[in-house]
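When the sequence shown is numbered by our numbering, its final residue is 419 and no position is left out of the sequence of numbers. Worksheet: the structure to be examined is printed underneath.
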Amino acid sequence: PNSVDEFPGLFLPVEQLPARVWASDSRHLVLQSEWKSRRVLLSVDTESSGPESVKKIKIGNERDEVGSWTFLDMKDDFILAAHGSVSRPHEAVVIKFQPQDRSKDCQFWQISSSASPFTSLINPIKWELIAMQAPKTEGMQGFYESIFIDNENLIDSNSKKKPSESKIPLIVFPHGGPHSNSVQDFYPSLVYWALEGFAVLSVNYRGSSGYGQDHIESLCGKIGRQDVDDMFHATEEVLRRYPHLDRDRVVVCGGSHGGFLSLHLLAQFPSLFKAAAVRNPVTNVATMFGATDIPDWCYTEIGMDACFAQPTAEQYAKAFNMSPMAHVSNVSGPVLLLVGGDDRRVPPFQSKEYYFALKERGADVEMLWYHKHTHGLAETPKGEGDGIVNIIKFFKRKLNMPQ
């Protein structure tokens, strides 16, 4: 796209689409797709071409502009979808799709509410979408977005404290992928962290999905540099915008490529990032070529042609130099590794390799091992929930905060 409002292309969910996506006229289909920092409902006219063939499905209220949709099912032109935002849990909505006139707002019925016994806890959570521009760039070439999450109760209570005691720590959260997206949706982990006394910054660095193909391809061959610089720039920007944030208590947390970025930030900017908690992080691309279930990822992200039979010495060297392992000697802050013992995407030896490198140097490193868990640690509540809680306990312990 040439502007932030232009259709960026289709960025469909990784999981399988619903079985029923076709309208009753067998001409239009309904999809969910990332559009900048949102996930929207789209209708596609399969018998036309050009920009007018794809339109957002709108219902004529604030959900058209804020938050994200999840497409669940469709029958007889009735769409079942869920809508949520950063501070609002999902609500189920039925939408009457109008293929004959897609320019009109659709009729809708909300069939479930986000209200729950926990609503009062979530009410203080506030958030803001921040447009970012990478330094020394213009237009879409350097455009990306961040979502900043804050807790109004913390700000109000801290205003009564001494200035030296009133500032709030910040968790910086890079998503994985790297070609995925942290959309405006309800993520329990991020809300939980905000309720536990932290502000949270979620960054859709350049290379994220939802911003166009050029945006995605701009990162290939530049991992460990362009994405790291965007994360650093976004962090500096929110620290400048929000004086109630504590610059001396900035930590970073991410999984997979988000873990890759977290470890890079901890090592490359040790005076800013004080600790890192990472789930199944990529620590050394050079040792992943023959072990991951997506070896093409390694070649694509380092910007080189695939050579599955035997990677070249040049490829090994470039992959290593782009990896956190190349900077491990610069790590001074504590590290927590959360590792799925059956992860095939980022094999657990990646974390072991980093763990032993830090141990050899006498660094502060801990590892939590989740037996028979894979990449997302989502097989059991223990894997996912235990990880989220232990991340907060780790950060509070290392920042000398009350548990």
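The beta-carbon is built from N, C-alpha and C at its ideal position, and this holds for glycine as well.
Applying the criterion that 16 or more other CB atoms from any shown protein chain within 10 Å of the CB defines a buried residue, is residue i buried or exposed?
i    : result
R360 : exposed
W85  : buried
F289 : buried
R256 : exposed
P397 : exposed
Q284 : buried
R377 : exposed
S367 : buried
S234 : buried
G76  : exposed
S339 : buried
L28  : exposed
N346 : exposed
T135 : exposed
A446 : Nothing about residue 446 can be reported from this structure: the residues present for the chain run from 17 to 419 only.
R241 : exposed
L281 : buried
T299 : buried
H231 : buried
A131 : exposed
N220 : buried
T328 : exposed
I310 : exposed
E107 : buried
L26  : exposed
L170 : buried
P297 : buried
T153 : exposed
Mind reading off the beta-carbon distance from residue i to residue j? Whole number of angstroms is fine, and I expect it under 8 Å.
i    : j    : result
G356 : S272 : At roughly 11 Å, the Cβ-Cβ gap does not stay under 8 Å, so G356 and S272 are not in contact.
A373 : V344 : 5 Å
R54  : Q200 : 5 Å
P286 : D243 : Going by Cβ atoms, the distance from P286 to D243 rounds to 18 Å, so no, they are not a contact pair.
C314 : F305 : 5 Å
P185 : L277 : No, P185 and L277 are not in contact; Cβ-Cβ is about 19 Å, not under 8 Å.
S128 : M148 : About 35 Å; that fails the 8 Å criterion.
L354 : R413 : With 8 Å as the limit, L354 and R413 do not qualify as a contact, their Cβ atoms being about 15 Å apart.
S101 : V82  : 6 Å
V2   : F159 : Since the displayed the chain opens at 17 and closes at 419, residue 2 lies outside it and no answer follows.
H389 : G399 : 4 Å
For residue i, collect the residues of the same chain with a Cβ closer than 7 Å to its Cβ; drop the 5 residues on either side in sequence, then sort them by chain order.
i    : result
T316 : C236
W209 : I187, V216, I408
Q157 : none
I138 : S103, V207
R79  : H99
E168 : P140, K142
P67  : F23
S69  : V60, D61
S263 : Correcting the residue identity first, residue 263 is Arg in this sequence and not Ser. So the qualifying residues of the chain are L255.
W51  : P24, G226
W385 : V355, G357
Using a Cβ-Cβ cut-off of 6 Å (strictly less than) and excluding sequence neighbours within five positions of residue i, which residues of its own chain qualify?
i    : result
S224 : N197
L47  : L58
V71  : In the sequence as displayed, the identity of residue 71 is Lys instead of Val. Around K71: S59, R118.
A293 : C269, L352, I407, F410
W125 : V110
Y332 : A302
V254 : F164, L217
A335 : V301, A302, I318
S205 : I404
M341 : T299, N300
Considering only DSSP beta bridges, list what residue i is partnered with.
i    : result
Y51  : The question names Tyr, but residue 51 in the sequence shown is Trp. R54.
N220 : E161
W385 : V355
T86  : A98
I187 : V216, V267
S59  : V46, K71
K91  : F94
N77  : DSSP lists no partner for N77.
A373 : In the DSSP output, where bridge partners are listed per residue, A373 has none listed.
A147 : E161
D166 : K142
W38  : L45
Between which residues of its own chain and residue i is the CB-CB distance below 8 Å, once the five residues before and five after are set aside?
i    : result
A307 : P363, F365
P115 : A39, S40, D41, R43, H44, S59, D93
L415 : P185, R265, V267, K290, A291
K424 : The structure shown does not extend to residue 424, since the chain is modelled only from 17 through 419, so no value can be given for it.
Does the beta carbon of residue i fall short of 7 Å from some heavy atom of the ligand NAP?
i    : result
Y332 : Looking at this structure, you won't find the ligand NAP or any other ligand, since it has none at all.
Whole alpha helix (DSSP H) elements within the segment 238-312, 4-residue minimum: 242-257, 273-284
Contained alpha helix (DSSP H) runs [length at least 4] in the segment 101-142, N- to C-terminal order: 135-138
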